[in-house]
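Using full-length UniProt numbering, the letters of the sequence shown correspond one by one to residues 1 to 1055.
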Amino acid sequence: MSEIQGPESTVANSACGCNKQLLRLPLAAPCAPAPWPIALLAHASKTLIAPAGRSEAKGTRSRAGRVSAECGGEGPTGRRPSPLHRPLAHTIPSLDASSSNEAVHLQRRLLSLSSELVTLRNHLHVGGQSGGGQAQPSASPQPAVPPRAPLLLPPLQPPPPPPEVRWRGGSGAGDVDDLVHLRGPLTEDAIVRALQTRFYQNKFYTSVGPIVVAINAYGDAANALTPAAARAQRPELTRLVRDAVRHQADSGCPQAIILSGVSGSGKTYASMVLLRRLFDAAGGGPETDAFKHLAAAFTVLRALGTAATRANAHSTRIGHFIEVQVTDGALYRTKIHCYFLDQTRVVRPPAGERNYHVFYHMLAGLAADERARLHLDGLTSSDLRYLAPALPARPRADAPDEDAARFQAWRGCLGVLGIPFLDVVRVLAAVLLLGNLVFVESSDGGAEVGDDATLAAVSALLGVGAAALARGLATRSAARGRVRAPATAAAASLARDSLAKALYCRTVATIVRRANSLKRPGSTLGTLSSDSNESVHQDAASRRASTAGSGARGRAGARSMAVLNDAVRHATDGFVGILDMFGFEDAAPSRLEHLCTNLCAETMQHFYNTHVFKSSAESCREEGVTGALEVEYADNVPCIDLLSSLRSGLLAALDAECAARGSAEQYVARVRAAHPRLGDARPPHPRRFTVRHYAGEVVYDAADFLEANRDAVPDDLLAVFDTRACEFGFATHLFGAELKALASAGGPAGSAFRASPTAAGGASGGSTLTQDFHTRLDNLLRTLVHARPHFVRCLRANATETPVLFDRATVASQVRALQILETVQLMANGFPHRMRFRAFCGRYCGLGARGKDTAADSGEASCARVLRVATAAAPPPSHSPAAIRWAIGKRHVFLSEGMRQVLERMRRARRQAAARCIQTAWRRHRAMCPDAPVRPRPAPIAGTPPPDSKCDPALVKKTCSLFGLDLERPPPLPPSRAYTVSNGVKLGYPQQRTVATDWDEAGVRLRAGEAVLALGAASRGRVSVQVGGRTVSVPHSLLSPPRASRPAPPPPPPP
1 MSEIQGPEST
11 VANSACGCNK
21 QLLRLPLAAP
31 CAPAPWPIAL
41 LAHASKTLIA
51 PAGRSEAKGT
61 RSRAGRVSAE
71 CGGEGPTGRR
81 PSPLHRPLAH
91 TIPSLDASSS
101 NEAVHLQRRL
111 LSLSSELVTL
121 RNHLHVGGQS
131 GGGQAQPSAS
141 PQPAVPPRAP
151 LLLPPLQPPP
161 PPPEVRWRGG
171 SGAGDVDDLV
181 HLRGPLTEDA
191 IVRALQTRFY
201 QNKFYTSVGP
211 IVVAINAYGD
221 AANALTPAAA
231 RAQRPELTRL
241 VRDAVRHQAD
251 SGCPQAIILS
261 GVSGSGKTYA
271 SMVLLRRLFD
281 AAGGGPETDA
291 FKHLAAAFTV
301 LRALGTAATR
311 ANAHSTRIGH
321 FIEVQVTDGA
331 LYRTKIHCYF
341 LDQTRVVRPP
351 AGERNYHVFY
361 HMLAGLAADE
371 RARLHLDGLT
381 SSDLRYLAPA
391 LPARPRADAP
401 DEDAARFQAW
411 RGCLGVLGIP
421 FLDVVRVLAA
431 VLLLGNLVFV
441 ESSDGGAEVG
451 DDATLAAVSA
461 LLGVGAAALA
471 RGLATRSAAR
481 GRVRAPATAA
491 AASLARDSLA
501 KALYCRTVAT
511 IVRRANSLKR
521 PGSTLGTLSS
531 DSNESVHQDA
541 ASRRASTAGS
551 GARGRAGARS
561 MAVLNDAVRH
571 ATDGFVGILD
581 MFGFEDAAPS
591 RLEHLCTNLC
601 AETMQHFYNT
611 HVFKSSAESC
621 REEGVTGALE
631 VEYADNVPCI
641 DLLSSLRSGL
651 LAALDAECAA
661 RGSAEQYVAR
671 VRAAHPRLGD
681 ARPPHPRRFT
691 VRHYAGEVVY
701 DAADFLEANR
711 DAVPDDLLAV
721 FDTRACEFGF
731 ATHLFGAELK
741 ALASAGGPAG
751 SAFRASPTAA
761 GGASGGSTLT
771 QDFHTRLDNL
781 LRTLVHARPH
791 FVRCLRANAT
801 ETPVLFDRAT
811 VASQVRALQI
821 LETVQLMANG
831 FPHRMRFRAF
841 CGRYCGLGAR
851 GKDTAADSGE
861 ASCARVLRVA
871 TAAAPPPSHS
881 PAAIRWAIGK
891 RHVFLSEGMR
901 QVLERMRRAR
911 RQAAARCIQT
921 AWRRHRAMCP
931 DAPVRPRPAP
941 IAGTPPPDSK
951 CDPALVKKTC
961 SLFGLDLERP
971 PPLPPSRAYT
981 VSNGVKLGYP
991 QQRTVATDWD
1001 EAGVRLRAGE
1011 AVLALGAASR
1021 GRVSVQVGGR
1031 TVSVPHSLLS
1041 PPRASRPAPP
1051 PPPPP
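See the structure below:
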C-alpha cells in the first residue's frame, strides 16, 4: 500500500534563459567574489533585467517536480520563484506624488548601474577580453546618467559582506541555518554562496536536515576540551549530540557520529567539541574524573599522533573511534580505539613535512639536567637524522616557547594518567638517537657500527648491553637459530629503522591501553560488537517484545531472565561513538600509508552514500512508495574494489608480491596488467601509478610499498629485550607477546615479527600491514552497521590555512566531492527518513486529533491521522521552500525533512504546553495550600546495596555463552555433587550406608540396621541405593551418614 499526501504543484520558472546565463558565476574563477557594493548592484540588476511577467521554462522539469506532493510548493524542486525574479513594480514599493523626482532619479541611477554591471561581468566571465566594448545603457525616455569606469575586483580576498546584504529574495543566505530552506534554484553555486555568507558572519556550522556541515576557519587551534573553548556557542553540534543521546535512550540502539572530510578540514577539533558537548549532556560536565582523564589522554595522543604536512600544519595521523557507554541517559565509561598507519614518518618524514610534534616539544621543553640524562645535551632538530630532512612548516617567532609550554602540559597529562614520565621520554630519546646510528661495511662484507658513542647512548636508554644491541642489529640467525650470519649495512639500517618504528608505535599503543584501563565507576563493559538493529527509528517496546521467549512466558524464572536479557542488550548496545578517521590526502608522491588512508576515506564515503542515498531509494521501492525522488549520486564502489578486492585489488597484489619477494617495478607491472584502465603517472614512471578517488586523482610511488607492507622487525633484535638481559622494564613490556613466543620457540630462529601492534593484540609474524588494516577496518564497519549514524561533513575554508579566508574554488571542490548538493536535494524533496508504525505512533501520538485513541491503534490509520493533522498545521510555503511530504508504506512511514521538522516542532510545542499546564497546577496548589503535607522521599533500607551497583550483564552474557545456556530460559538445576563430606573427609560414591529406620514403599522393604549401597544423589532430597539387584530412590533422611575415621595426628617432633 502506498499513499503520498500533499497538493499537486505546478512548475514555474521565473527567470528566462538569458538571465540565468548572465547571473551564473563560475566556481573556479581566479577572482574572489564581489564585495558588498557589487552584490548591491547585482540585486538592482536582477530587478531590472527580469521580464515583465512570469515565463514558464520549457523542458526543465526534474523528477522531483513530476512527483512533488508538497503543501503549496512550486517549481521543479518544490520552490516558489524568488522575489528577485519578479518585475520591478512588484519589488520596489510605490512612491507618492511628492517624491516623484526622487523616483525618477533612482530609476536613472539603477539603469546606469545595471549597464556597468553587464560590462563588468562581460570582462570577468565571457572571456575576459580587455578590448571588449562596454554595453550601452537601455533606451529610456529620461536622460541617462553617464556611466562610470568599470570597477575592478581586487586580486586578494575582499572584506566580508555585512549582515544586511541579501543574496536571495526576502531572506538572506546568512539567515538560513538549514540549507534545506535555501530559496531559489538548488545549485552548487547557491550552496557555496550560502556557506560563504555564513562564514563571514562567524557561523561555521550549517545544517542540512540532520546532517551538519562544518567549515574549518583556521581561527582556533587550541584544545577543544578546555573551558575557554567550551564557552563557544555551537548550537548545531549541541543539537546533534542531544539527538544522539535521546535516540540511544529511547531505543537502546547504539549511535555513531561520523566525521568525514579532506585532510585539514577540522575533523579532530570538531570531534573534541562533540566529546565535550557529550559530557555536558550526559557525563556530568568537565569536573568529573572521567572527563579529566579523557582530556589528559587526548592531550598526550595529540602530541604523539600529530605532524605537520604540506596540507595541514596539525595533521592527525592517528584515527580515533571514541566509544562512550551511556546508560539511562548517564555516561559511565569511555574507551578509545586508535588506528595508527603512518609509522614510516617516525624514521623517514616526507620531503617538506615534519616528524611528530612530540619530538620538537621534547627538545624545546626538557631541562638541562634532563637533556643530559637522556643523552640529548647539545643536540637540536638539525643534528638528528629523523628530524633533519624535514623542512620547518610555517616557522613562527614564538615556536620554541609554544613548544615548551605544550611539552609541560603534555608532561602533566602523563601524570594524570599515571604513566611514568621518564619511561616514555627514555623511549622517545632512544628513537631519536637510533636515527644517528650509522653502519658501515666491514672487510668481510658485514655491518659495523660507525659511532660507538651513539650506540652506548641508545643501549643505556633502552637498558641493554651495547654489544648485545650491536649484535642484534648486525647479525641474523638462520637454520632455526643454529647459524648466525652477518648482515649487510643496508639490512642493519632497515633493522634500526624497524626498531625505532616498533618502539614508537608500541609506546603509543601502551598509552592508549593505560588510558582505557583507568578505574572509573561502572567501568565493566566493553562493546565493540553489538547485536544487529535497524539504523532507522526503532521503539524500545518492539525490541523488548522480540526478545521474549515464547516457551517461558508463564514462569517467573523466564520473566526474570527476559528482564536480564533486556538489561544485557541495553548495556552492551548503549554507546554513543564519535569517529574521527583519516581524511582524503594527496601527497606528492604518495606512499603506502596514504593509499590505506585514502581507502579508509573511500570506505567512509561509501558508507555515507549507502545510508543516505541508497537505503532510502531501496526502501521506497521495496514498500511500493511511488513518486519518491531518486537522487543521482557518484558511486565509488569501483574505486573501493580496485583497492581492496581480495582477488585482484591493489592491496591483494601487494601481499602476493611481498610473499614472492618481488620488487616495486614488478608490483606496478602486475597491477597494470590486472587493471588496464589504471592511470599512468605524468611523466610515465615504472614505479608510479594513478588512482582516481572520489575527491581527485592521486599519484602513488611504490618504491617503499613492499618494505612498508612487511612491517617486520627481526627476532634477533627483539631477543635483546629479554627480561634476563634488559634492565628497562618498560621496554621489555612493549615486546611482551613476542618475547613469550621466542621463549616457547627456544630463541631466535631467523623469523620476524610485526613492528606495529596487530589487531589481535598478540605476537604475529605472518600478517602484513595491509592485512591488519583490513581487519581493523572490517571490525569498525561492523560496529557502524549496527549503529544509527549521524554525519558531520567537514570542509576546509582554503588551501593555505589562512585564518578567516573563504576560497570559493577550494570549498566548491569539497562540496562536489562530498555530494552536499545531492544531499540537500534529497532532504528538501525526497524521503530521507522512515519510521516503523509503532515507533511513529509512540513518538507522535500526542499530535493526533483529540478523542482519537491514537496510542492504542498503532497501524496505518493512526499514522495517517497524525500526518494529516501535521500537514494542516504546517506553515505556508512562503515561510520555507522545503517540501512537506509523507507516504505510507507496508511497514514504514516515509517523511521528508520538512515534514519531520514540522512534526518535531509540533511535538516540542505540545510538550512545552503540557509542562506549563503541570507547573501551573502545581504552583496553584502550593499557593492555595502552603501547609499541605508533602510525602518525603523514602530512605533506602539499611543493608541494601547502593542504587548504582548492579550485576555485570557482560559477565552474565559471557558465562551463558561459554556454557551454552539460553538467556531466554532459566538455567537447569546443576547436577548434585558426586561426593559427601563426613568428619572433614570427602567420600565419593558408591558408599556403604546403614538404614536408620524401617521403610516400606513400592514393594521394597528396608529394616533398621540393614546395610545398603548408596550409588549417588537422585532427585531433590533423595538418594539412589541398590537393594537386591534393584535401584530405588529413598529419602536422604532414611540413611545414616557415612562414617570416616579421622586421620591420625602426626607424631610430635623429637626433642
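Glycine residues also receive a C-beta, built at the ideal position from the N, C-alpha and C atoms. As the structure is a prediction and not an experimental result, all values here were calculated from the model.
Asked                                                                                                                 : Found
Backbone CA spacing between R198 and G627 [nearest angstrom]                                                          : 34 Å
Which residues DSSP lists as bridging S207, in chain order                                                            : D178, V212
C-alpha gap between D177 and F831, whole angstroms                                                                    : 21 Å
Among D452, A932, C845, the one whose alpha carbon lies nearest that of E904                                          : C845
Neighbour-count burial assignment, P1035, 16 or more Cβ in a 10 Å radius                                              : exposed
Nearest to V427 (by Cα), restricted to the options K501, I918, L237                                                   : K501
Of the listed residues D680, E623, C929, nearest to H892 (C-alpha basis)                                              : E623
I918 burial status per 10 Å Cβ neighbour count (16 or more: buried)                                                   : exposed
Runs of alpha helix (DSSP H) wholly within the segment 253-328 (minimum 4 residues, chain order)                      : 267-282, 289-305
Under 7 Å between C-beta atoms of L179 and V212                                                                       : no
Coarse secondary structure for T238, derived from DSSP in three states                                                : helix
Beta strand (DSSP E) segment containing M581, residue limits                                                          : Unbroken run through M581: none, as it is neither H nor E.
Bridge partner(s) assigned by DSSP for E1001                                                                          : V1004
Stretch pair the segment 464-483 + the segment 709-719: three plus CB contacts closer than 8 Å                        : yes
Proximity to V811 [Cα-Cα], best of S590, C794, L955                                                                   : C794
Nearest-angstrom Cα separation, counted from E585 out to S880                                                         : 38 Å
Within 7 Å, strictly: CB atoms of L643 and L599                                                                       : yes
Distance, V981 Cα to V1032 Cα                                                                                         : 23 Å
Proximity of L847 and M906 at Cβ, strictly below 7 Å                                                                  : yes
Distance between L499 and A399 (C-alpha atoms, nearest Å)                                                             : 30 Å
Neighbourhood of F439 by C-beta distance below 6 Å, restricted to the same chain and skipping five residues each side : A447, A489, A492, S493
Nonlocal neighbours in the same chain, by C-beta distance under 8 Å from V245, ignoring five residues either side     : Q255, L278, A281, A282, V326, G329, V576
Whole-Å CB distance - P486 paired with G445, under 8 Å assumed                                                        : 7 Å
Selection from L987, A1018, R514, V1012 that minimises the alpha carbon distance to D998                              : V1012
Backbone CA spacing between L1038 and N516 [nearest angstrom]                                                         : 59 Å
Terminal residues of the beta strand (DSSP E) in which D701 lies                                                      : 696-701
For A755 and A712, believed in contact at Cβ under 8 Å, the rounded distance                                          : 7 Å
Segments of 3+ residues assigned as beta strand (DSSP E) that fall wholly inside the segment 642-727                  : 688-693, 696-701, 712-714
Within-7 Å CB hit, V815 to chain B                                                                                    : Among the protein chains of the structure shown there is no chain B, as only one such chain exists.
Assigned exposure category for L895 - 16 Cβ within 10 Å defines buried                                                : buried
Own chain residues within Cβ distance below 7 Å of R776, not counting five before or after                            : Y339, A759
Continuous alpha helix (DSSP H) assignments of at least 4 residues falling wholly in the segment 433-505              : 452-462, 466-474
Through-space distance from P953 to G1009, alpha-carbon basis                                                         : 52 Å
Spatially closest choice to T802 from T187, S265, T238, by CA coordinates                                             : S265
Cβ-Cβ separation, T334 to A303 (assumed contact under 8 Å), whole Å                                                   : That pair is no contact at about 20 Å.
Burial state of C620, where buried means 16 or more other Cβ atoms lie within 10 Å                                    : buried
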